[in-house]
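Protein chains in written order, with our numbering: chain A, -9 to 376; chain B, 20 to 280.
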């Protein structure tokens, strides 16, 4: 379907597609099998300027919006979600700086993000603070011109590989979530180390580790915005990034549909290609319809956000919820269309199915997305009546 | 370093079919691409510029639609591009192409190094690069797999053979043709693509170069294509597995029957 992309958007999509086909597809099976970080692919993304997309032009970026990010993420995700999350997580780390950072912070960090020289990461989740992000315990205590961080962040994408980390920590424990603040922590800061690499079900090319802070002293100027703004920074960042997760869902689902249709045209049973059977056609039809619906929702929300809309939490959550759910459904159906072959590692769909499951879990579980949407509905309708 | 890279726009031969009746290529609907070997030439030019400074100009001789190949070259890092195009050049063979290209290159300012892909995937002659060096009266090294060093007035390169390689000094200005072992071409960049869209392509026509008409185009080409055909498929032979004496008799009888002996 034609989504009336601008010339620039088409260039972004075509280039990301070329990287996916030429640089990711040939290595994705090995990256998955060996749990290998996609260093070479990230270099190709950097050389092709993909990291410039959402960064403002004055910091060496392209000045693109959420829509442009979604196009790039969708194409990369058709090939491999482990690679696309590695790419996208950099901006999860960079969005807090882009949205709330001072001019000085932007000038210091964004050019290296745009050039792809440095990757970013975002540290919010802890062992006892997942969906209940308000339960974080990592602290940041101000001492003179520094903050001293203590605590452990868990399941952080790009941990150990990124150079720039945005970390949410409590500056005032007595205030609960309102006592949280956001900080920039650079790799190699004394007192900052990483836990072991997690062994995951899917997205195995991506690196997931703990961030461990033991009396880690950072300059006070690394505070993003001001004390107490940590949760605001985190929530606004997630509002911007969730359509990207939706695009991961659209991408992996499209990748799985492409494999399924091609397989169904070639696989013969009962003397004919299985695509001739209505049972298969109906599955493929449902898969294609879900993908198109998710894509249409994601693009419209991305454009809505890029138009400067303020109240975006609800619709942003909707994209992530729907994109993640259909990705799991479509990739599972793809394995079914391929039958026994689909269950084998020789075909890409079992990996897509393993990868897709994370989309219902990370960046806020899909249950949390429903909470966000539900809360927004309550607020909206309460306002209407009054 | 002033670098010129010669490229050719070719049909994507992986997608070309042959008309079984005329034995010619069916070009309709087949995508045109930059000759794959020329991508290595562009990449090497861009890498040399990144290391040495200077400019990379990409030049091609071809019909107006070859402009898209030149724009793609800019998205891959070339600075400028030049289209040598005129009806008078149509039908040029390798000799006439080299003759015309040489005249065009003489008009674009000082050149230190010319890089070509080792051959084009449509004609497969590997002649235009060396022939161009001959026309320009500069030294050349073909089949370069690595540039070892670049000096003021010479380069040291490795020339590839089927078994092993030679280390050769190439005085500058000079020309080299490159093989795919030399590098891994980068993908285009977004900024490169944006630049490519706006880039001005310099056009060189017949009137802008010093050439003699008798050497141009189809009429100026010494090559004559007499016939193009696919080699006939050899029929599968017969296999005998019997006593050697019996087979010897059989063989002689067969050869006699075919009047070979």
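For glycine and all other residues, C-beta sits at the position ideal for the given N, C-alpha and C.
These figures come from a predicted structure and were not determined experimentally.
Item: Quick check: is the beta carbon of residue 42 of chain A nearer than 8 Å to any beta carbon in chain B?; Value: yes
Item: Mind pulling the chain B residues with CB within less than 7 Å of residue 38 of chain A?; Value: 206, 207, 208, 209
Item: Give the residues from the segment -3 to 14 of chain A that approach chain B closer than 8 Å (Cβ to any Cβ), ordered along the chain.; Value: -3, -2, 1, 2, 5, 8, 9, 12, 13
Item: CB residue 56 of chain B to CB residue 136 of chain B, shorter than 8 Å?; Value: yes
Item: Would you verify that the beta carbon of residue 52 of chain A is, or is not, closer than 8 Å to some beta carbon of chain D?; Value: Checking the listed chains, one finds no chain D in this structure; the protein chains it contains are A and B.
Item: Please say whether residue 198 of chain A and residue 83 of chain A have beta carbons closer to each other than 8 Å?; Value: no
Item: Which of helix, strand or coil does DSSP assign to residue 56 of chain B?; Value: helix
Item: Give the interface partners of residue 365 of chain A over in chain B, defined as CB-CB distance under 7 Å, in chain order.; Value: By Cβ distance, chain B contributes nothing, its closest Cβ being about 38 Å from residue 365 of chain A, past 7 Å.
Item: For residue 250 of chain A, count neighbouring C-beta atoms within 10 Å of its own C-beta (all shown protein chains included) and say buried if the count is 16 or more, exposed if not.; Value: buried
Item: When you compare each of A/58, A/29, A/80 to residue 209 of chain B by their alpha carbons, which one comes out closest?; Value: A/58
Item: Counting only Cβ-Cβ distances shorter than 8 Å, please list the residues of the segment 116 to 130 of chain A near chain B, keeping chain order.; Value: none
Item: Under 7 Å, CB to CB, which of the residues in the segment 77 to 88 of chain A have a partner in chain B?; Value: none
Item: Find out if the Cβ-Cβ distance for the pair residue 68 of chain A, residue 191 of chain A is shorter than 8 Å.; Value: no
Item: Figure out for me which residue from B/110, B/31, B/119, B/126 has the closest Cα to the Cα of residue 221 of chain B.; Value: B/126
Item: Could you check what DSSP says for residue 210 of chain B in three-state terms: helix, strand or coil?; Value: helix
Item: Do the segment 102 to 110 of chain A and the segment 73 to 81 of chain A touch if we need at least three Cβ pairs shorter than 8 Å?; Value: yes
Item: Give the DSSP bridge partners of residue 208 of chain A, in chain order.; Value: A/137
Item: Would residue 113 of chain B pass as a contact of residue 103 of chain B if the rule is Cβ separation under 8 Å?; Value: no
Item: Residues of chain A with CB closer than 8 Å to the CB of residue 212 of chain B, please, in chain order.; Value: 1, 5
Item: Should residue 243 of chain A and residue 317 of chain A be called a contact, given that it needs their Cβ atoms to be closer than 8 Å?; Value: yes
Item: What does residue 34 of chain A touch in chain B if you count any residue whose Cβ is under 9 Å from its own?; Value: 205, 206
Item: Which complete beta strand (DSSP E) runs does the segment 134 to 217 of chain B hold, if anything under 3 residues is left out?; Value: 159 to 169, 173 to 179, 184 to 190, 193 to 197
Item: Within its chain, find whatever has a CB closer than 8 Å to the CB of residue 382 of chain A; leave out the 5 residues flanking it on each side and keep chain order.; Value: Absent from the structure is residue 382 of chain A, since the part of chain A shown begins at -9 and ends at 376.
Item: Tell me whether the beta-carbon of residue 53 of chain B lies closer than 8 Å to the beta-carbon of residue 28 of chain B.; Value: yes
Item: Thinking residue 174 of chain A and residue 214 of chain A are a contact (beta carbons under 8 Å), I'd like their distance in whole angstroms, please.; Value: 6 Å
Item: How many Å lie between residue 101 of chain A and residue 298 of chain A at the Cα?; Value: 24 Å
Item: Using the Cα positions of residue 239 of chain B and residue 116 of chain B, report the straight-line distance between them to the nearest angstrom.; Value: 10 Å
Item: Report the rounded CA-to-CA distance for residue 172 of chain A versus residue 224 of chain A, giving the unit in angstroms.; Value: 8 Å
Item: State the DSSP-derived secondary structure class of residue 43 of chain A, mapped to helix, strand or coil.; Value: coil
Item: Taking only three categories from DSSP, how would you classify residue 338 of chain A?; Value: coil
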